[in-house]
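Numbering (our numbering), first residue to last: 3 to 308.
C-beta: ideal position from N, C-alpha, C; glycine also.
Rendered as structure tokens:
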């Protein structure tokens, strides 16, 4: 029957089903799907009780075929459904998703919760958590990186009852990198993992001044010269100024050179006035000429004449 299914010989499959007892394996359905023998696929699902692979439920989900899904689960309630759940969620097939969770008994985790967190779908997150969906640690990381505060709060509540779901320092680092100040505050006030110096470094590079200020005032991890360097690279003069006035890490020559190269005239001016040891004006002129940054070039030439 496996061979007949692979070749699409429905009449042979029917005959073997009616007259022989050997049956088939899960390969019959998989091979029929590969070859797009959909009449064979439908026959096998409707008439055979073999335990199909997850491809059967996934195929039903991809085609939003509720009847076929129910037939699969009626024959094998514990049929694999992890991939089908993700497909149903992504395609917003809510009735399909409900059937998969309510009528199927497959306990293997799917990435549905992670996708719901990525979409900021709080109600679905609550539903999936209530169904014991897995990959909660990954889900928490995605929610934090996306700044989904209410989801972070909900998963944190679950964590109190499941300590194995602890975050790492990457959580606050990612929240800072995304500029999600309220999430950073929540993690600071409610979690113990803390962050690393990358939190300030990344927030500074992206110009998230309020995040930089909060971390400076409330955390002890500090930052590195990358903070001011990359704030300068991307032209965030307010962040450069704050770091200069409140931190001791300073910067390297990269800050001045990249600011000159990219035409960030206000950053270049600030660095020359406040961190002259890191500024080679002659080299800055060459870089400004290279990119034809006229405003920077004119300013540096004025400094050169002093």
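Rounding to the nearest angstrom, what Cα-Cα distance links residue i and residue j in this structure?
| i | j | result |
| --- | --- | --- |
| residue 17 | residue 38 | 20 Å |
| residue 193 | residue 178 | 15 Å |
| residue 322 | residue 66 | As shown, the chain starts at 3 and ends at 308. That puts residue 322 outside it, with no answer to give. |
| residue 134 | residue 97 | 19 Å |
| residue 142 | residue 169 | 8 Å |
| residue 13 | residue 119 | 47 Å |
| residue 290 | residue 92 | 48 Å |
| residue 52 | residue 70 | 15 Å |
Going by alpha carbons, who is nearest to residue i out of the options?
| i | options | result |
| --- | --- | --- |
| residue 62 | 40, 49 and 50 | 40 |
| residue 158 | 176, 171 and 139 | 139 |
| residue 10 | 34, 217 and 27 | 34 |
| residue 108 | 120, 244, 267 and 56 | 56 |
| residue 145 | 93, 173, 214 and 92 | 173 |
| residue 275 | 242, 187 and 215 | 242 |
| residue 240 | 269, 83 and 216 | 269 |
| residue 233 | 111, 208 and 303 | 208 |
| residue 261 | 198, 53, 293 and 305 | 293 |
| residue 175 | 191, 153, 213 and 152 | 213 |
| residue 87 | 19, 22, 126 and 49 | 126 |
| residue 238 | 224, 222, 258 and 219 | 258 |
| residue 182 | 149, 153 and 201 | 149 |
So, helix, strand or coil for residue i, using DSSP?
| i | result |
| --- | --- |
| residue 61 | helix |
| residue 119 | helix |
| residue 113 | coil |
| residue 184 | helix |
| residue 210 | coil |
| residue 53 | coil |
| residue 282 | coil |
Is the beta carbon of residue i within less than 7 Å of some heavy atom of the ligand SAH?
| i | result |
| --- | --- |
| residue 224 | Absent from the structure shown: the ligand SAH. Ligands present: none. |
Those runs of the alpha helix (DSSP H) which lie wholly inside the stretch 128-171 and span at least 4 residues: 138-147 and 151-163
Is the stretch 111-131 in contact with the stretch 71-80, if contact means three or more CB pairs nearer than 8 Å? no
Quick check: the stretch 252-266 against the stretch 293-301, are there 3 or more CB pairs under 8 Å? yes
Return the chain-ordered ranges of every alpha helix (DSSP H) run that is complete within the stretch 221-276 and spans a minimum of 4 residues. 227-235, 239-248, 255-264 and 267-276
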